[in-house]
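Q: If you read the sequences in order, they're chains A and G.
Going by numbering that gives the first Met the number 0, the letters in the first sequence line up with residues 0 to 174, in that order.
Going by numbering that gives the first Met the number 0, the letters in the second sequence line up with residues 0 to 283, in that order.
All C-beta atoms in this analysis are idealised placements derived from N, C-alpha and C, irrespective of residue type, glycine included.
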Amino acid sequence: MGNASSMLTQYDIEEVQQHCNHAFSQQEIVSLYERFCQLDRNNGGFISAEEFLSVPEFAVNPLSQRLLRMVDGLNFKEFVAFLSAFSPHATLHQKIEFIFKVYDSDGNGKVTFTDMLDVLRDLTGTFISEKQREQVLTDVLDEAGYTKDSLMILSDFVKILGNSGLKIEVEVPVD
Amino acid sequence: MSNDRIRRVIVLTIGWIIFLSSFIPVHSLLKGHDKLRKKLERCLVELICSFFVASWTGVVKYHGPRPSMRPKQVFVANHTSMIDFIILEQMTAFAVIMQKHPGWVGLLQSTILESVGCIWFNRSEAKDREIVARKLRDHVQGTDNNPLLIFPEGTCVNNHYTVMFKKGAFELGCTVCPVAIKYNKIFVDAFWNSRKQSFTMHLLQLMTSWAVVCDVWYLEPQTLRPGETAIEFAERVRDIISVRAGLKKVPWDGYLKYSRPSPKHRERKQQSFAESVLRRLDEK
């Protein structure tokens, strides 16, 4: 793709579109590229953690450290693929897969009780005790038919969240 | 294209010559006759703004009744660039509240804009807000002052969105007259990204573009409804302006352009999530 500050060619756009399974239209990819270049202040070809944190909504997100780990050092093509879960064209399965990856911080395809507890800790901070957190998680797993020792895989998440009417969508502004 | 540029520079130069040769005498000679002096200075400021607008080949369409000089009213508008002020100023000599800028702009601010009655603030000063609030209140109470123009977003925004309005303008106990401004992007992108370029570069860029085309709508004056808080009032007015100008409303604070959000924003999110979780836990 070359230097981040150069113009995107038609070939580049098609390559990116292919890589994200056509989650975004060509015009949306152009808009995303503009935004990518805006964030990539030092023109390194990727957005660093610092540069991500300059987006206020991102900085105040309690899950920002987790997301940063997933998104640090991505080049534009990978960045668009990462965002494809947020496209209105993405399937529910893709969105659930994204959520699974947020929980599965070591990337081994399995989410344990501790992993979920870590995410809950990020989400609730100091406003709830560790004991209450464990209680909540145990109850939730119990309701869904799992136990504290269950190792959840992607299909478990799909089973639980499949009918939840989950909506994570972002509209990419097109000029 | 270069003939065009020369013409614009000439227009602007002539404008400045006329302005300065009239303003300086008026300002110094009529020191004792304040009312007349103010009236003349007002006309001159409107004049130089018209010259500015002409130098970018500004095509401005004004809709709605022209603002009148009445006490106890403020004007609020969405903010895209410093030129918003110039475009509105050429129609009516508003007093405005602005951030003091460095360089030649600051010089202009301290000399010419003083005459229309401007209020200064400093974003980085924490105590500044109370001082500014007091100055605003004083200005609005005065019968002889020019109508006050406030940009409640607190910063320049890209003319696609509006960010959250600061409530300062809405708790002064007076009528708020909304003004909506929308630039036509086909001719030039009027958004002044102050992080990317200085005002001088921005002005030069405008002068070398085809034209600055925009619509200005003076909208129906609004007052605080019974039982409405200042923040709700601000949001209601923001809604009126956004709808008129076709801008999307976003829930962000304009000042985040300048500084990182404080940890308490994140904590607030954590707190509300924790509270809803605890509520569910209690229900069991």
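Excluding five sequence neighbours on each side, which residues of the same chain lie with their C-beta closer than 6 Å to the C-beta of D71/A?
A: The answer, listed in chain order, is A48.
Q: Could you tell me the distance, in whole angstroms, from the CA atom of S21/G to the CA atom of L43/G?
A: If I take the Cα positions, the gap works out to 8 Å.
Q: For A143/A, I'd like the list of residues in its chain whose CB is within less than 6 Å of its CB, leaving aside the five on either flank, ordered along the chain.
A: Around A143/A: I159.
Q: Rounded to the nearest angstrom, what separates F81/A and S24/A at their Cα positions?
A: Cα to Cα, the separation comes out at about 15 Å.
Q: Is it true that the segment 265 to 281 of chain G meets the segment 121 to 129 of chain A, where meeting means three or more beta-carbon pairs spaced less than 8 Å apart?
A: Segments in contact, yes.
Q: Does any CB atom of chain A fall closer than 8 Å to the CB of E266/G?
A: Yes, E266/G lies at the interface with chain A (some Cβ there is under 8 Å from its Cβ).
Q: Quick one: is V249/G buried, meaning 16 or more other Cβ sit within 10 Å of its Cβ, or exposed?
A: Flag for V249/G reads exposed.
Q: Is H18/A close to the ligand FAD? I mean its beta-carbon at under 7 Å from any heavy atom of the ligand.
A: Ligands displayed in this structure: none; no statement on the ligand FAD is therefore possible.
Q: Indicate the three-state DSSP secondary structure (helix, strand or coil) for I127/A in the structure shown.
A: Of the three classes helix, strand and coil, the one that applies to I127/A here is coil, per DSSP.
Q: Would you mind stating whether V204/A and M151/A have Cβ atoms separated by less than 8 Å?
A: With chain A running from 0 to 174 in the structure shown, residue 204/A is simply not present.
Q: Could you have a look at F272/G and say whether DSSP puts it in helix, strand or coil?
A: Residue state, collapsed to three classes: helix.
Q: What are the start and end residues of the beta strand (DSSP E) that includes Q98/G?
A: Start and end: 94 to 98.
Q: Would D281/G count as contacting chain A if we go by Cβ distances under 8 Å?
A: So no, D281/G is outside the interface.
Q: Against I127/A, what residues of chain G qualify as contacts under a CB-to-CB distance less than 8 Å, listed in chain order?
A: Result: A273, V276, L277.
Q: Using beta carbons (cut-off 8 Å, strictly below), is T123/A in contact with chain G?
A: It does: the Cβ of T123/A has a partner Cβ on chain G nearer than 8 Å.
Q: Would you decide whether L165/A is buried or exposed? Buried here means 16 or more other CB atoms lie within 10 Å of its CB.
A: Under this definition L165/A is an exposed residue.
Q: With the cut-off set at 8 Å, would you say L52/A and I46/A are in Cβ contact?
A: Result no, Cβ atoms of L52/A and I46/A do not sit closer than 8 Å.
Q: Cutting at 6 Å between CB atoms, please list the residues of its own chain near V58/G, excluding the five before and the five after it.
A: The residues are A210, V212.
Q: Do K256/G and T154/G count as a contact pair if the criterion is CB distance below 8 Å?
A: Yes, the pair counts as a contact, with Cβ atoms nearer than the cut-off.
Q: Cβ closer than 8 Å: which chain G residues qualify as neighbours of D138/A?
A: Residues of chain G passing the Cβ test: L280, K283.
Q: Determine the contact status of F156/A and I95/A, defining contact as a CB-CB distance below 8 Å.
A: In contact: F156/A and I95/A (Cβ atoms closer than 8 Å).
Q: Tell me which residues share the same chain as G31/G and place their Cβ nearer than 6 Å to its Cβ, disregarding the 5 neighbours each side in the sequence.
A: Counting only Cβ-Cβ distances below 6 Å, and skipping sequence neighbours, we find nothing.
Q: Can you look up I185/G in the DSSP assignment and give me helix, strand or coil?
A: Correct three-state label for I185/G: coil.
Q: At the level of alpha carbons, what is the spacing between D11/A and F186/G?
A: Using only the alpha carbons, I get a separation of about 28 Å.
Q: When the Cα of P262/G is compared with those of A58/A, V15/A, T8/A, which residue comes out closest?
A: The shortest C-alpha separation from P262/G is found at A58/A.
Q: Check each candidate in E113/G, D188/G, P225/G, P177/G and name the one with the smallest Cα separation from R237/G.
A: Closest option to R237/G, Cα to Cα, is P177/G.
Q: Pull out every residue of the segment 210 to 241 of chain G whose Cβ sits closer than 8 Å to any Cβ of chain A, in chain order.
A: Here the close residues number zero.
Q: How about L255/G: is its C-beta nearer than 8 Å to some C-beta of chain A?
A: Judged by the 8 Å Cβ criterion, L255/G is in contact with chain A.
Q: With a CB to CB cut of under 7 Å and the five nearest residues on each side skipped, what residues in its chain are close to C259/G?
A: Looking at the sequence itself, residue 259/G is Arg, so the reference to Cys does not match. The answer is none, since no qualifying residue turns up.
Q: Quick check on the burial criterion: 16 or more other C-beta atoms within 10 angstroms. Buried or exposed for Q64/A?
A: Per the 10 Å Cβ criterion, exposed.
Q: Locate the alpha helix (DSSP H) running through Q17/A, then write down its first and last residues.
A: Its alpha helix (DSSP H) spans residues 9 to 18.
Q: In the DSSP output, which residue or residues are listed as bridge partners for D214/G?
A: For D214/G, which the question treats as bridged, DSSP gives the partners K60/G, K181/G.
Q: Using DSSP with H/G/I as helix, E/B as strand and the rest coil, what is C42/G?
A: In this structure, C42/G counts as helix in the three-state DSSP scheme.
Q: Given that V29/A touches chain G, what residues does it touch there, using C-beta distances under 9 Å?
A: Those do not exist, as V29/A stays about 15 Å from chain G at its closest Cβ, beyond 9 Å.
Q: For the structure I just gave you, are there three or more beta carbon pairs, one from the segment 196 to 208 of chain G and one from the segment 128 to 142 of chain G, closer than 8 Å?
A: Result no; under three Cβ-Cβ pairs closer than 8 Å.
Q: Is DSSP giving E247/G helix, strand or coil here?
A: The question names Glu, yet the displayed sequence has Lys at residue 247/G. DSSP places K247/G in strand when its eight states are reduced to three.
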